[in-house]
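Below is one structure, written out as structure tokens, with a few remarks after it.
In the working numbering, the protein residues as written are 4 to 356.
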């Protein structure tokens, strides 16, 4: 701790990403990255961008990407905001829409960055517990006196999804505050609330290119919403970093969004592998939650999660273990890898169990 730190820095409890050990080569099933390469069109577009033009600033409006996204979702360009990963988009939304004094509602088991942003921006969380079966009960989001509501759909780390009619019930119940729907994993089996944007001026949908589009390495995320909500995010962005998307990332992201066929191809492959893996894990005695994501959330009634995690790590396979976190300390989150990687996991677990 430095004597130059402010109290805010000293009191922060930063987000901890999945481990990235460098001591040997691992089968990485712990950070929800795609096991597949990005769209070849995206790779080609990024390669073409490497040249003398990198001496120039990128387009501050990321116009080509906004145009591609608006076309993809049937929206206007002024209904699209882009940022340096969906985490930056979330950060701007928390600052702009939820820091007004009232608490912000979100689930007790969800993306852990929400608590970090709440602390950073002096927002009081209103934690709403999931049910015993790890579901979001939308009745718990009625009649709230809050600055906003954040719903992760499908939820992480549970993998469970809400239907769009349940998302609408949350929107109906909270018409005077922003309802942010975080859809990082939506392409793996859930319905996107992007189809509701023109019906609800308080809806902000946030997505990322890191998961289903296999572009975690370039950090691009985006938000969809009413033009006035998007204008608010633009005002924050231009008061913080007016050039968030670099030239290479912009070229790759635009090409990836335009390559809808490749998105469908690798998403469907991931879903098929996930369904197979769930069957195999259940056969080994694991309890596997229904998943609409690129991971499964599992526990074993007879084996400690920590012992399984450590044994797999010794064999060069990484999964996400949550340690002492309330309610989920005996669960593991397993990213869906290639068929070869998942076979290696099942073989290792079969020998262990």
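Even for Gly, the Cβ is constructed at its ideal location relative to N, Cα and C.
The Cβ atoms of residue 209 and residue 224 sit closer than 8 Å to each other. Scanning the stretch 132–195 for uninterrupted alpha helix (DSSP H) segments of 4 residues or longer gives 167–176, listed from N- to C-terminal end.
Of all alpha-carbon atoms in 242, 158, 339, 265, the one lying nearest the alpha-carbon of residue 281 is that of 339. For residue 340, no alpha helix (DSSP H) segment is defined, and its DSSP state is neither H nor E. Look at residue 100 here: in three-state DSSP terms it is helix.
In this structure the stretch 210–223 lies against the stretch 31–44, because at least three pairs of beta carbons, one per stretch, are closer than 8 Å.
Of the residues assessed, residue 17 falls on the exposed side of the cut-off, its CB having fewer than 16 other CB atoms within 10 angstroms. Taking the CA atoms as reference points, residue 249 sits about 41 Å from residue 311. Counting along the chain, residue 299 sits inside the beta strand (DSSP E) bounded by residues 298–302.
According to the DSSP secondary-structure assignment, residue 85 is paired through a beta bridge with 225.
With a cut-off of 8 Å on Cβ pairs, the stretch 190–202 is not in contact with the stretch 53–64, counting fewer than three such pairs. Distance between residue 131 and residue 110, taken at the CA atoms: about 5 Å. Looking at 145, 284, 232, 334, the one whose alpha-carbon comes closest to that of residue 347 is 284. In this structure, residue 316 keeps its C-beta atom at 8 Å or more from the C-beta atom of residue 35. When rounded, the separation of the alpha-carbon atoms in residue 100 and residue 106 is 11 Å. Under the 10 Å beta carbon count, residue 108 is surrounded by 16 or more other beta carbons and is classified as buried. For the pair of segments examined, the stretch 141–159 was found to touch the stretch 170–179: the number of CB pairs separated by less than 8 Å reaches three.
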